[in-house]
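To keep things clear, I will list the structure first and then write my remarks on it.
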Amino acid sequence: MSEHLSNVAGRFMWAAYIGLLLQQSLDAFSHQAPWFIWLVKLLPLLIFLPGMLKGRLRTFIWLCFVCLGYFLILVQRIFAEPDSPLVISGLVGVVVLFIAAMMHVRWRARALRGDCADGEIKS
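Following this note's numbering, the numbering of the sequence shown begins with 611 at its first residue and continues without gaps.
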């Protein structure tokens, strides 16, 4: 059961991750930001991509910490631009990403512990 829940959370997490990358890209594009701002907006998310593709739980845990920084920035911007659909979508995306990544780690770790207790490890 934990493995199924982990897979569902993983799908939500990937959707929110891609959505947040797109939102940050559109935000930088709409403000005609220089390359340095693009780098500052996207690099913290892109650093985790190799570990996420390998399914490393520690990577997902660190991604949750980075999500908090995006959350702080987007909450501040929602007060400055309360009617901006781009900011609202970013805030929703970062909240979904944080919750989905956190639950994916929890359920995946539980599934791995259960597999170890049975004497076999499934990947």
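For each residue, glycine too, the CB sits at the ideal point set by N, CA and C.
Pro-692, enclosing alpha helix (DSSP H) - first and last residue: In the DSSP annotation of this structure, Pro-692 is not part of any alpha helix (DSSP H), being labelled neither H nor E.
Are there three or more Cβ pairs, one per stretch, closer than 8 Å when the segment 682 to 695 is compared with the segment 709 to 717? Fewer than three pairs of CB atoms, one per stretch, sit closer than 8 Å, so the segment 682 to 695 makes no contact with the segment 709 to 717.
Buried or exposed: where does Gly-703 fall if 16 or more other Cβ atoms within 10 Å of its Cβ makes it buried? By the neighbour-count rule (16 or more Cβ atoms within 10 Å), Gly-703 is buried.
Residue range of the alpha helix (DSSP H) that includes Trp-666: The sequence as given places Arg at residue 666; Trp does not occur at that position. That residue, Arg-666, is in no alpha helix (DSSP H); it is neither H nor E in DSSP.
My assumption, with CB atoms under 8 Å, is that Phe-658 sits in contact with Leu-673. Please give the rounded CB distance. Indeed, because the Cβ distance is near 5 Å, the residues count as touching under 8 Å.
What does the alpha-carbon distance come out to for the pair Val-650 and Leu-722? Taking the straight line from one Cα to the other gives about 35 Å.
Is it the case that the Cβ atoms of Val-676 and Ala-626 are separated by a distance below 9 Å? Note that the C-beta distance between Val-676 and Ala-626 is not below 9 Å.
Figure out for me which residue from Ser-699, His-614 and Arg-720 has the closest Cα to the Cα of Gln-633. Nearest option by C-alpha distance: Ser-699.
Same chain, Cβ closer than 6 Å to Pro-654, neighbours up to 5 away in sequence not counted: Excluding sequence neighbours, Pro-654 sits near Val-676.
Alpha helix (DSSP H) segment containing Met-623, residue limits: Annotation for Met-623: the continuous alpha helix (DSSP H) segment containing it runs 612 to 640.
Helix, strand or coil: which one does DSSP assign to Ile-657? In this structure, Ile-657 counts as coil in the three-state DSSP scheme.
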